[in-house]
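First to last, the protein sequences are chains A and B. Every letter in the first sequence is one number past the one before it in the working numbering, and letter 159, counting from 1, is 159. Every letter in the second sequence is one number past the one before it in the working numbering, and letter 167, counting from 1, is 167.
Number of protein chains: 2
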Amino acid sequence: MLLKLGGSAITTKEKHFTPDVEAIMRLVEEIKHADVSPLILVHGGGSFGHPVAKQYLINEGYTDSSQIIGFSKTHQAMTVLNNLVVDSLINQGIPAIAVPASSCIITKSGRIESFEKGPLIKMLELGFLPVLYGDAVLDSDIDFTILSGDQLVSSLAMSLNAERIIIGVDVDGLYTADPKTDLSARFIQHITLTELKRLQHRVGEGKVTDVTGGMPRKIQELIPAVEQGVPVIIVNATKPNNIYKALRGQEVVGTEIERA
Amino acid sequence: MLLKLGGSAITTKEKHFTPDVEAIMRLVEEIKHADVSPLILVHGGGSFGHPVAKQYLINEGYTDSSQIIGFSKTHQAMTVLNNLVVDSLINQGIPAIAVPASSCIITKSGRIESFEKGPLIKMLELGFLPVLYGDAVLDSDIDFTILSGDQLVSSLAMSLNAERIIIGVDVDGLYTADPKTDLSARFIQHITLTELKRLQHRVGEGKVTDVTGGMPRKIQELIPAVEQGVPVIIVNATKPNNIYKALRGQEVVGTEIERA
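In structure tokens form, the structure reads like this:
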């Protein structure tokens, strides 16, 4: 099973380099309590990775030599956040190991081109919990870029044939339109790929504002995994017990996306 | 060029989890000042990795499920030390990036079996300073073990055809016998592989105590690299400017080992 915890669920987005330690500890307890295996955890950057990456335009690839130190700083910021997460897991007795994308993945124009999964697979076999994260990575075309946690999750789910992807964010799930601006917006509890694509098409035509409630890119990344048969459930990780329930396969408020 | 900094040069060996922050900062300044490129830094575990690894017998491979959390703890301890080193380098403006062996290497009975070097090579091309370290790694035969920084250095030097290996330790170099117990012990400034092997042979016959002054395993790891034509220089990294001089190729007190 794959669990993605968005940066917004584990950091305070408004303040740079501020982890939400309370949330991290609660989420770690939920993971411990759910006790599912094999499990891979992928987390986002939130207020750690994003500000530095943005400052040095790491996402856009190499344009200037001053970005080189920026790449190091971006990765190092992510390492600090990742260390907090891994430390919390180990303190709860969960054998977590960090697997930085920067040391086993190369992208090509931002898409994963090669991914050495040998150590990761061996970790899963032995009962470890590998912890990956959105990271600054080397790129064969543009020298470097940012690899999102969402692309990582989707790629891992497909190559390891995951049972399910759980996406923990700071909203309840998907709506038929932006609930903040559109009174007709309805919460989506379950949606098939065909229905999702039809809704996305309507977005294109300007008939609905944003089917994914601000998550279009996230959804775009996950669609290939759903197409391959891996169901996705989006839940609010900031609300207690949602991640626990999703991990246990229990009923939970959220949006389930399935192939059919 | 490859620089190995032994755990004894960057940590206080007597006290668990105690970095020698002053030494780390001085060594980082020497690296900065020397300004050589391409360069890979490999560091040891000292009082961080060793005590945990020993407690859980990680070196001996899987024998008991209680070792699993021990593996995580060993790697995490090394991560803490590595973070200190990488942070110090970045603070001096050096674009360092950690490359944990656990996420790109698999050993077979303790010897490197596969090593995904793609990201590392790309880092060197772009002017980064990759930082590796002795680490708990997955093993295809015995499930896991400890990969020493010395094996890492030797393997990297051979596959990347390094110009030179600099080994920074807490002694001045090699002696013809143990200088603490043998009055006839002489310091070795330069030695060829043939002479080294002859001396090692005499150790076997019990005619000299320990040609490497307590470093037999370290030397054993480095011999294949020397055989392939990579010269090794062993210097005392606890004495100021030795690492700087060795990096610059200047004359320095130490032991040089060459093929012929």
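A virtual CB, placed ideally from N, CA and C, is assigned to each residue, including glycine.
Counting along the chain, the unbroken alpha helix (DSSP H) around R248 (chain B) starts and ends at 242-248. Annotation: E163 (chain B) has no Cβ neighbours in chain A at a cutoff of 7 angstroms; minimum Cβ distance is about 22 angstroms. Using a Cβ-Cβ cut-off of 8 angstroms, I69 (chain A) counts as an interface residue toward chain B, since at least one Cβ of chain B sits closer than that to its own. Counting C-beta pairs closer than 8 angstroms gives fewer than three between the stretch 138-153 of chain A and the stretch 181-193 of chain A, which falls short of the contact rule. Following the DSSP letters along the chain, one finds N83 (chain B) inside the alpha helix (DSSP H) bounded by residues 67-91. A Cβ-Cβ separation of about 7 angstroms places M158 (chain B) in contact with P224 (chain B) under the 8 angstroms criterion. Assigned with DSSP and collapsed to three states, V171 (chain A) falls in coil, not helix or strand. When B:S155, B:D64, B:H43 are compared, the shortest CA-CA separation from Q220 (chain B) is found for B:S155. Residue environment: V232 (chain A) is assigned as buried (16 or more neighbouring CB atoms within 10 Å of its CB, all protein chains considered). One Cα belongs to G229 (chain B), the other to T238 (chain B), and the distance between them is close to 27 angstroms.
Secondary structure note for P51 (chain A): its alpha helix (DSSP H) is the uninterrupted segment 46-55. Boundaries of the beta strand (DSSP E) around R111 (chain A): 111-115. In the three-state scheme derived from DSSP, where H, G and I count as helix and E and B as strand, N236 (chain A) is classed as strand.
With respect to D150 (chain B), S109 (chain B) sits apart: the two C-beta atoms are not nearer than 8 angstroms.
Taking each of B:R186, B:D135, B:G46 in turn and checking the Cα distance to F71 (chain B), the smallest one comes out for B:D135.
At a cut-off of 8 angstroms, the C-beta of S155 (chain B) has no neighbouring C-beta in chain A.
For V52 (chain B), none of the residues of chain A pass the 7 angstroms Cβ criterion, the least Cβ distance being about 11 angstroms. DSSP places K108 (chain B) in the uninterrupted beta strand (DSSP E) bounded by 105-108. For A96 (chain B), no alpha helix (DSSP H) segment is defined; the enclosing uninterrupted segment is the beta strand (DSSP E) at 96-98. Excluding sequence positions up to five before and after S65 (chain B), its CB lies less than 7 angstroms from no other CB in the same chain. The beta-carbon separation of A9 (chain B) and F48 (chain B), rounded to 13 angstroms, does not stay under the 8 angstroms limit for a contact.
DSSP, reduced to helix, strand and coil, places K15 (chain B) outside both helices and strands of the structure shown, so it counts as coil. Per DSSP, the continuous alpha helix (DSSP H) segment holding E29 (chain A) begins and ends at 21-34.
The shortest CA-to-CA distance from E163 (chain A) to any of A:V153, A:D170, A:D172 is the one to A:V153. DSSP, read as helix, strand or coil, puts I219 (chain A) in helix. E116 (chain A) and E30 (chain B) do not touch by the CB rule: their CB atoms are close to 33 angstroms apart, not below 8 angstroms.
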